[in-house]
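Trainee:
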Amino acid sequence: MRLKKNDVVKVIAGKEKGKSGKIVSVDTENERVYVLGVNMVSKTMKKRNAQDKGGISKIEAPIHVSNVALVVNQKTGETSKVGYKVGTDGKKVRFAKKTGETV
Numbered sequence: 001m002r003l004k005k006n007d008v009v010k011v012i013a014g015k016e017k018g019k020s021g022k023i024v025s026v027d028t029e030n031e032r033v034y035v036l037g038v039n040m041v042s043k044t045m046k047k048r049n050a051q052d053k054g055g056i057s058k059i060e061a062p063i064h065v066s067n068v069a070l071v072v073n074q075k076t077g078e079t080s081k082v083g084y085k086v087g088t089d090g091k092k093v094r095f096a097k098k099t100g101e102t103v
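Going by the numbering used here, 60 is the number at position 60 of the sequence shown; the sequence numbering is gapless.
(1) Excluding the 5 residues preceding and the 5 following glycine 55 in the sequence, name in chain order all residues of the same chain whose CB lies nearer than 7 Å to its CB.
(2) Let me know if asparagine 39 comes out buried or exposed under the rule of 16 or more other beta-carbons within 10 Å of its beta-carbon.
(3) If you draw a straight line from the alpha carbon of glutamate 29 to that of lysine 47, how long is it in whole angstroms?
(4) Starting from the Cα of isoleucine 23, find the closest Cα among Val65, Lys15, Gln74, Val33 and give me that residue.
(5) So the candidates are Gly18, Phe95, Ser20, Ala50; which of them puts its Cα closest to the Cα of tyrosine 84?
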């Protein structure tokens, strides 16, 4: 998985196209990410005890990684897909495919 937790991404496809946010969690098995404040769905929560109210709450639904791109420049909002290459020290590093700079 090329995207990691706390990366800032922008949705590039789907009903939430154009929105951006920070990745809250990553589901590597299904190749999906949860982005803070994006793709919100209503979920009915059951009352668990006397203090808990239950009711309807909003939570983030997962988005497939192919539908998001990493935000390379925060000021301009420029996005890029992410790739891997071998760095000068021989370790694998992530890089932005549009600009070529390491992430």
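All C-beta atoms in this analysis are idealised placements derived from N, C-alpha and C, irrespective of residue type, glycine included.
As the structure is a prediction and not an experimental result, all values here were calculated from the model.
Mentor: This is what the structure gives:
(1) Met45
(2) buried
(3) 31 Å
(4) Val33
(5) Phe95
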